[in-house]
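Have a look at the structure below, then the notes.
Residue numbers (full-length UniProt numbering): 1 to 68.
Spelled out as structure tokens, the structure:
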């Protein structure tokens, strides 16, 4: 639904109902904000032990000997 359609419906409501609509919009915005906060939270260390590095990881690569 387009914003203009929502506005046109809102414009025809009595003032007391407009207040209810405004309160509901505020509720929806706070609900969406709370949901985003839950999704963003992360816990460090969940992948610990899943990645293994070889002993020679820091050693120079043979392919680059001519550049060194």
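No residue lacks a Cβ here, since even glycine has one placed at the ideal position from N, Cα and C. These figures come from a predicted structure and were not determined experimentally.
The alpha helix (DSSP H) spanning residue i covers which residue range?
i, result
"residue 58", "Unbroken run through residue 58: none, as it is neither H nor E."
"residue 51", "Where residue 51 is concerned, there is no enclosing alpha helix (DSSP H), given that its DSSP letter is neither H nor E."
"residue 132", "No information on residue 132 is available, as it lies outside the stretch 1 to 68 that the chain covers here."
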